[in-house]
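Visitor:
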């Protein structure tokens, strides 16, 4: 029976897309999760059953959705998508009388008991099968295979050669032992100094080979770590903003650290397993040559050890998978609690959070306890058999020696070779799970490393000359997913160089989304945004002329100077120091630092916790003033400031000889702007100066006077 290939979800809302990808791959369509995500997007709550049917329909599948009590579960068709715990989707691959094989995009592929399945099963199944055949595209070459064999080919060949020579030298030891014992009289005729010279030469060569091998491994590890990590971080920084929306910081950092595990498996497992497997035939040949009976006994015992090890590894892996999931939950809870400790204390919710953490932590410890108990009872069986084997061979071997069926040298040599045979076999067994993990790790890294932004914007000229408009927005629509309604609808306007433009409207009207589109951080679903005559994209060169300040700008655990300049050089030039001073003056940050001895060298605490909300906004605005760009985009940049600071900052913005576009939370601050864009429900209601809008727009008047009444003072 054809097996399903496991696909892990990239973030918490795309379990359904991952399940769809698994079934598409199963039926021959080579689409990836990344491709489906780009094509359909991921709604905030994930895909509904109706959405899943739509995707399968577009790929030419017949889809059946039905409710099931799971009473006749042995007759159900597989593979099938199952609704899980009323909030998740998994794929059922096999169903047996007492257990079910599921592929859970949030964890892994695993067998579970029928009782556990029924506990989580939410009585809905989605069955999809292909109704028409069409030629599918070939899967792209696996990125890491290409990455390794183009950049590290010489290291792998060097390791293979050195490992091969090392194994050959080690193989000489049991052969020499047999010869020496069986030919002891001839051996006595060799002078002692000659024996010492031979031994010294042998171990010197072995030392040189092993030393060279270790040096190559160390060099490989350094190069691999640097190049893979640099490639990942470099690509991560160039990813579009939407990629980070539903992914936790911990998950992205975890992926960044995966290169360490990959490197360890490649350098310590792959090469060793490959060479040991090649020598397995030579070992068996020598064993048979020494004693067929002992070889049969050895193979039976080794097979038993391998069988028990495989059973143990599968069982332990299931424990480890659950343990990792629980560890992730425990870590998430404690991280969120520490980050939100002020909220917890202000709401007197310490006991509630402590109880929640305690329950999760107890669950994790229980799984760890059961895993360790299993290892204590069954995990040590292979080790015990392995420990008893030499004594067993010695007893049987002595009887064979007495019967003249075996020489003493052959017995000792045989025992030595059996020890060497055990290593590759146990290595193959133990490496099985490592190779499975390697595949999962590769998938997680490849999502970033193989990402390709589809644009040819850098060399494509727009319809408008640079001299007339800095922005032209043409009939722009935007949505997160094809299954959700548009956030923006038919947005069109022009902005000239040097204009001061405000975007106002009720909450949820699409103001911040529009500003992110103007910054090139998001891409329109339809329509076009031209900046200086060229289409704007996440990685286009013209985006470098735009500086965007969001509502909650992040403050780094660095000095004020570095937080403003966002440069991490040891020393600043005279010109940079002058710009820094001017930017702090324009943002009123210089007033905050008065009386602080370190001034711009003051270290900011994590997330800027040693500064107030308004002071953090002044740091963010100082960054904008410090930047040498043509356009400043500001999303409610003064919402936490007092009225006096806010008025002075906006006065300084009006004096800037560059384009300024801001989302305003108080209309009174932008009355003197060149243009005000009024939005509602994702559409532009009207555009004009303050006086025109007050006269002609009821919505604008309502917003303005209510803000004056309730939000005019702080």
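In the numbering used here, the protein residues as written are 6 to 719. C-beta: ideal position from N, C-alpha, C; glycine also.
Give me whichever residues DSSP pairs with residue 106 in a beta bridge.
Guide: By 1-based counting over the chain shown, the position of residue 106 is 101. In the DSSP assignment, the residues bridged to residue 106 are 99, 116.
Visitor: My understanding is that residue 411 touches residue 418, with C-beta atoms under 8 Å, so please give their C-beta distance in whole angstroms.
Guide: Here the question's residue 411 lines up with position 406 in the chain shown. Here the question's residue 418 lines up with position 413 in the chain shown. Actually they do not touch by this definition, with Cβ atoms about 10 Å apart.
Visitor: Are the beta-carbon atoms belonging to residue 681 and residue 695 less than 8 Å from one another?
Guide: As a position in the chain shown, residue 681 is number 676, starting the count at 1. As a position in the chain shown, residue 695 is number 690, starting the count at 1. In this structure, residue 695 lies closer than 8 Å to residue 681 by Cβ.
Visitor: If contacts are defined as beta-carbon pairs under 8 Å, then residue 115 and residue 323 qualify, I think. What distance do you get, rounded to the angstrom?
Guide: Taking the chain shown and counting its residues from 1, the one referred to as residue 115 is at position 110. Taking the chain shown and counting its residues from 1, the one referred to as residue 323 is at position 318. Yes, residue 115 and residue 323 are in contact; Cβ-Cβ is about 6 Å, under 8 Å.
Visitor: Around the C-beta of residue 512, are 16 or more other C-beta atoms found within 10 angstroms, so that it is buried, or is it exposed?
Guide: Counting from 1 along the chain shown, the entry for residue 512 is found at position 507. Exposed: under 16 other Cβ atoms inside 10 Å.
Visitor: Contact check, residue 525 vs residue 541 under 8 Å by CB: the rounded distance?
Guide: What you label residue 525 is simply residue 520 of the chain shown in a count that begins at 1. What you label residue 541 is simply residue 536 of the chain shown in a count that begins at 1. Confirmed, about 4 Å.
Visitor: Quick check on the DSSP output: the beta strand (DSSP E) that includes residue 689 runs from which residue to which?
Guide: Position 684 of the chain shown, counted from the start, is the residue given in the question as residue 689. 688-693 is the extent of the beta strand (DSSP E) around residue 689.
Visitor: Which term fits residue 642, buried or exposed, when burial requires 16 or more other beta carbons within 10 angstroms of its beta carbon?
Guide: Locating residue 642 in the chain shown gives position 637, where the first residue counts as 1. Flag for residue 642 reads buried.
Visitor: What residue from 242, 201, 199, 265 has the CA that sits closest to residue 223's CA?
Guide: Position 218 of the chain shown, counted from the start, is the residue given in the question as residue 223. Considering only alpha carbons, the answer is 265.
Visitor: Ends of the alpha helix (DSSP H) at residue 628?
Guide: Counting from 1 along the chain shown, the entry for residue 628 is found at position 623. Element bounds for residue 628: 618-631.
Visitor: So what does DSSP say about residue 646, is it helix, strand or coil?
Guide: For the purposes of this step, residue 646 is taken as the residue at position 641 of the chain shown. Coil.
Visitor: Our contact map puts residue 100 next to residue 130 with C-beta atoms below 8 Å; I'd like the distance itself, whole angstroms only.
Guide: As a working note, residue 100 is residue 95 in the chain shown. As a working note, residue 130 is residue 125 in the chain shown. Not confirmed; about 11 Å, so no contact.
Visitor: Among the residues of its own chain, which have a CB less than 6 Å from the CB of residue 658, if the five just before and after it don't count?
Guide: To locate residue 658, count along the chain shown from 1; it is residue 653. Answer for residue 658: 665, listed in chain order.
Visitor: Here's a check: name, in chain order, each residue in its chain whose Cβ is nearer than 7 Å to the Cβ of residue 439, leaving out the five neighbours to either side.
Guide: Your numbering for residue 439 matches position 434 in the chain shown. Within the same chain, 270, 274 come within 7 Å of residue 439 by CB-CB distance, once the 5 residues on both sides are set aside.
Visitor: Quick one: what's got a C-beta closer than 8 Å to residue 499's C-beta in the same chain, skipping five residues either side?
Guide: Counting from one through the chain shown, the residue named residue 499 turns up at place 494. Excluding sequence neighbours, residue 499 sits near 474, 476, 477, 478.
Visitor: Could you tell me the alpha carbon to alpha carbon distance between residue 123 and residue 75, rounded to whole angstroms?
Guide: Locating residue 123 in the chain shown gives position 118, where the first residue counts as 1. Locating residue 75 in the chain shown gives position 70, where the first residue counts as 1. In this model, residue 123 and residue 75 are separated by some 8 Å (Cα to Cα).
Visitor: Can you give me the Cβ contacts of residue 644 inside the same chain, cut-off strictly under 6 Å, excluding the 5 residues immediately before and after it?
Guide: In the chain shown, residue 644 corresponds to position 639, counting from 1. So the list reads 670, once near-sequence residues are dropped.
Visitor: Of the choices 595, 135, 156, whose alpha-carbon is the least far from that of residue 227?
Guide: Counted from its first residue, the chain shown places residue 227 at position 222. Minimum Cα distance to residue 227 is reached at 156.
Visitor: Tell me which residues share the same chain as residue 212 and place their Cβ nearer than 7 Å to its Cβ, disregarding the 5 neighbours each side in the sequence.
Guide: Here residue 212 corresponds to residue number 207 of the chain shown, with the count starting at 1. Excluding sequence neighbours, residue 212 sits near nothing in its chain.
Visitor: Assuming residue 627 contacts residue 589 under a Cβ cut-off of 8 Å, what Cβ separation, rounded to an integer in Å, is found between them?
Guide: Counted from its first residue, the chain shown places residue 627 at position 622. Counted from its first residue, the chain shown places residue 589 at position 584. With 8 Å as the limit, residue 627 and residue 589 qualify as a contact, their Cβ atoms being about 5 Å apart.
Visitor: In whole angstroms, what is the alpha-carbon distance linking residue 706 and residue 510?
Guide: Start at 1 with the first residue of the chain shown, and residue 706 comes out as number 701. Start at 1 with the first residue of the chain shown, and residue 510 comes out as number 505. So the two alpha carbons sit approximately 11 Å from each other.
Visitor: Looking at C-alpha atoms only, which residue of 378, 259, 497 is the closest neighbour of residue 333?
Guide: Working through the chain shown from its first residue, we reach residue 333 at position 328. Residue 333 has its Cα closest to that of 259, out of 378, 259, 497.
Visitor: Per the contact definition of three or more C-beta pairs closer than 8 Å, is the stretch 84-94 in contact with the stretch 24-32?
Guide: yes
Visitor: Given a cut-off of 8 Å on the beta-carbon distance, is the pair residue 483 and residue 530 in contact?
Guide: Residue 483 sits at position 478 when you count from the first residue of the chain shown. Residue 530 sits at position 525 when you count from the first residue of the chain shown. A contact, by the Cβ cut-off of 8 Å.
Visitor: Could you work out which residue in 562, 619, 488 is closest to residue 58 when comparing CA atoms only?
Guide: Along the chain shown, one-based indexing puts residue 58 at 53. Nearest option by C-alpha distance: 488.
Visitor: Going by C-alpha distance, which of 197, 159, 453, 17 is nearest residue 40?
Guide: Here residue 40 corresponds to residue number 35 of the chain shown, with the count starting at 1. Nearest C-alpha to residue 40 among 197, 159, 453, 17: 453.
Visitor: Which one or two residues does DSSP pair with residue 499 in a beta bridge?
Guide: Stepping through the chain shown from its first residue, residue 499 is reached at position 494. Beta-bridge pairing links residue 499 to 477.
Visitor: Among all the DSSP beta bridges, which residues are the ones paired with residue 505?
Guide: Taking the first residue of the chain shown as 1, we reach residue 505 at position 500. DSSP lists 665 as partners of residue 505.
Visitor: On the premise that residue 171 lies in contact with residue 214, defined as a C-beta separation below 8 Å, what is that separation, rounded to the nearest angstrom?
Guide: Start at 1 with the first residue of the chain shown, and residue 214 comes out as number 209. Start at 1 with the first residue of the chain shown, and residue 171 comes out as number 166. Approximately 5 Å separates the beta-carbon atoms of residue 214 and residue 171; this is inside 8 Å, confirming the contact.
Visitor: Write down every uninterrupted run of the beta strand (DSSP E) in the stretch 526-568 whose length is 3 residues or greater and which is fully enclosed by it, in chain order.
Guide: 531-536, 551-554
Visitor: Identify the continuous beta strand (DSSP E) that holds residue 589 and give its terminal residues.
Guide: Position 584 of the chain shown, counting from 1, holds the residue named residue 589. Residue 589 -> not in any beta strand (DSSP E); alpha helix (DSSP H) instead, spanning 579-591.
Visitor: For residue 573, count neighbouring Cβ atoms within 10 angstroms of its own Cβ and tell me buried if that reaches 16, exposed if not.
Guide: The count along the chain shown starts at 1 and reaches residue 573 at position 568. Burial call: exposed.
Visitor: In whole angstroms, what is the alpha-carbon distance linking residue 676 and residue 66?
Guide: On the chain shown, residue 676 is found 671 positions in, with the first residue counted as 1. On the chain shown, residue 66 is found 61 positions in, with the first residue counted as 1. So the two alpha carbons sit approximately 57 Å from each other.
Visitor: Which of helix, strand or coil does DSSP assign to residue 681?
Guide: Start at 1 with the first residue of the chain shown, and residue 681 comes out as number 676. Here residue 681 sits in strand by DSSP.
Visitor: What's the call for residue 537, buried or exposed, on a 16-neighbour Cβ count within 10 Å?
Guide: Taking the first residue of the chain shown as position 1, residue 537 is located at position 532. Buried, because 16 or more other Cβ atoms sit within 10 Å of the Cβ of residue 537.
Visitor: For a test of the three-state rule: what should DSSP assign to residue 259, helix, strand or coil?
Guide: Here residue 259 corresponds to residue number 254 of the chain shown, with the count starting at 1. Residue 259: helix per DSSP, three-state reduction.
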